[in-house]
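Using my numbering, you'd call the opening residue of the sequence shown number 912 and step up by one each time. Reviewing the structure listed below.
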Amino acid sequence: MLQPGQTLGIIGGGQLGRMLAEEARTAGFHTVVFTDEYPPSPAGQVATREINAPYYDPEATADFVSAVDVVTMEFENIPSEFIETVEQRLPVFPAREALYLCQNREREKNFLLKQGLPHAQFLVVDGAESLAAATAKIGGPCMLKTAAFGYDGKGQFRLSGDENMSEIWASFGAPRGVVEQLVDFQCELSVVGARGQDGTYVPFPVCENIHKNQVLDHTISPARVSPEIAVRATEVAKAVAEALDYVGTLGVELFLNQDGDILVNEIAPRPHNSGHHTIDSCSTNQFSQQLRAVADIALGNPRQHTPAVMVNLLGDIWPEDGGNPDWSAVLAHPTAKLHLYGKRTAKPGRKMGHFTVLADTPDEALAEAVKLRKSLGM
C-alpha cells in the first residue's frame, strides 16, 4: 500500500489526468505526469512535475520510472511498447493486457464475444468486398467504425446499405473496420466502477447519457430506469471488469434496447466522462477510486448523496476573438459547480470543461441544467 508522500505516475496530460492529480494532491501524494503534449498540459499544471517527451524517448522514460512509485494512465491510446517498458520496472494499473484490448474495437468486440458478454451483432471488414458482405448480412442501417479505437464519434460512419461500398471504403482511411448492428435503444447508459487489487468491485449508480453528434452532451445520475435495469447494467459492468482482471476505475458504456436488454457498447479503461458528476455528488469520486485502487488502498463508499446532471462544455461556446464565455449564471447558481480544464485553445468539439448541477431529483437537476445551458448559448 502506498502512503501519502509517495509518488503516482500518470501517463497522459489531459483533463482526466488533471482531475486525478488534483485528487492525489489533496490526499498528500506527489504526481509526475508523462505526456507528449507541449507544456504545460492540463494535468501538468497541477502535478508536482511534468515530463514532456515522445513515448519512444528512452531517457525521458528512464527519468519517469525513476521518479515514481506506481503508474496509471488517463487515456488508452498509448503505445503498448511504452507500457511494456514501464511495467518492467514498476507496477502499472490497469495492466497492459486490458489496455491493449480496449485500444482496438476489433479486439474489444472479440473479447466481448469470447466472454459471452452481451453486445450488438458485428463483423470485421478489411476491404470493399467484405464491407458489402457485412452490411448485407447485418442489414441497414448499420455503423462502420475504424478498428483502431477512435473516441467521441471519430472514425464512425452510418450506412444505409445502399451505398457504393468501393467508394465508402476508399474514403474510410483505415485498413480494418468493424460493422455493427445499429441498436434501436431506449437510452444510453454507463456504469463507472472501480476494482481494487484484491478483486473488490465498487460501482457508482448507473448513469443515463445523452449524446449530440456522437459526443456526450450531458449525463443524468442516477439514471431514470427501473431498479431491475440498474441491477442488470451493474452486473454486466462488473462482469467486464472481472473478465479483464481490471485494477482501477473503469467506464462501461451500454445500450438499453427496446426489448429491455443491456448491451455493451464500449469499454473505457480509465475514469469516464459520465463519472465527472461524482466529484460533486458522491461520497467518494471516480478519481479518488482510481488513486485508491492503484495505491492498493481500500476503495471508498460510492454513495450518491445528491442527484446530479453533468453538462460537457465544448469549445464551440468560446468566442472566436479568444475571450471566454460569460460564466455569470453558472457561478451564481447555488447548486452548480463549474470545472474548467486549463486547455490553452478552444476548438469546436473540444472538451474544455463541464458543470454539474445538484438537485433533489434527477429531473429537477436536468431542468436547472437546461436553463444554464441556455445562458451559455448552448
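By construction, the Cβ of each residue, glycine as well, lies at the ideal position given by its N, Cα and C atoms. What you are looking at is a predicted structure, and each value in this text was computed from that prediction instead of being measured.
Assigned secondary structure, Tyr1011 (DSSP; H/G/I helix, E/B strand, else coil): helix
Cβ-based neighbour list, Leu1165, same chain, cut-off 8 Å, excluding 5 preceding and 5 following: Glu1099, Leu1100, Ser1101, Val1102, Ala1144, Val1147, Ala1148, Ile1173, Leu1174, Val1175 and Asn1176
What are the start and end residues of the alpha helix (DSSP H) that includes Glu1279? Pro1273 to Ser1286
Extract the residue ranges of the alpha helix (DSSP H) inside the region 965-989, only unbroken runs of 4 or more that lie entirely within it. 969-978
Threshold first: 3 residues or longer. Then list the beta strand (DSSP E) segments lying entirely within the region 1056-1095, N to C. 1067-1070 and 1088-1092
Does DSSP classify Leu1165 as helix, strand or coil? strand
Per DSSP, the bridge partner or partners of Phe1266: Val1222 and Leu1249
Can you tell me whether Lys1056 is buried or exposed? The criterion is at least 16 other CB atoms within 10 Å of its CB, across all chains shown. buried
Would you give the residue range spanned by the alpha helix (DSSP H) that Gly1107 belongs to? Note, Gly1107: premise wrong, no alpha helix (DSSP H); not H, not E.
Going along the chain, which residues of its own chain have a beta-carbon closer than 6 Å to the beta-carbon of Ser1071, five neighbours each way excluded? Gly1051 and Pro1052
Backbone CA spacing between Lys1258 and Thr1195 [nearest angstrom]: 32 Å
Closer than 7 Å by C-beta to Arg1135: which residues in its own chain qualify, once you throw out the five before and the five after it? Chain order, please. Glu1119 and Pro1273
Candidates Leu1010, Phe1115, Gln1108 and Ser1082, of which the one nearest His1216 by Cα: Phe1115
Per DSSP, the bridge partner or partners of Ser1132: Ala1219
Could you tell me the distance, in whole angstroms, from the CA atom of Met868 to the CA atom of Tyr1011? No statement about residue 868 is possible, as the shown extent of the chain runs from 912 to 1289 and does not include it.
Nearest residue (CA-CA) to His1030, options Ala1247, Ile1178 and Asp1037: Ile1178
Exposure of Gln908, with buried meaning 16 or more beta-carbon neighbours within 10 Å: Not covered by the structure: residue 908. The range shown for the chain is 912 to 1289.
Would you check if the distance between the CB atom of Ala954 and the CB atom of Val944 is smaller than 8 Å? yes
Between the C-alpha atoms of Asp1095 and Thr1189, what's the straight-line distance to the nearest angstrom? 29 Å
Determine the closest residue to Thr1130 out of Ser1185, Ala1152, Gly1110 and Ala1150, with distance taken between C-alpha atoms. Ser1185
Inspect the beta-carbon positions of Ala1204 and Gly1107 and report whether they are closer than 8 Å. yes
Buried/exposed call for Gly920, threshold 16 Cβ in 10 Å: buried
Quick one: Cα of Gly1260 to Cα of Leu1249, how far? 18 Å
Inter-residue Cα distance where the pair is Pro1005 and Gly1104: 13 Å
Leaving out the 5 sequence neighbours to the left and right, which residues in its chain are closer than 7 Å to Arg1284 when beta-carbon positions are compared? Val1222
Measuring alpha carbon to alpha carbon, tell me which of Arg1007, Gly1088 and Pro1002 ends up nearest Leu1034. Gly1088
Given Leu927 as reference, the closest of Asp968, Phe986 and Ala971 once Cα atoms are compared: Phe986
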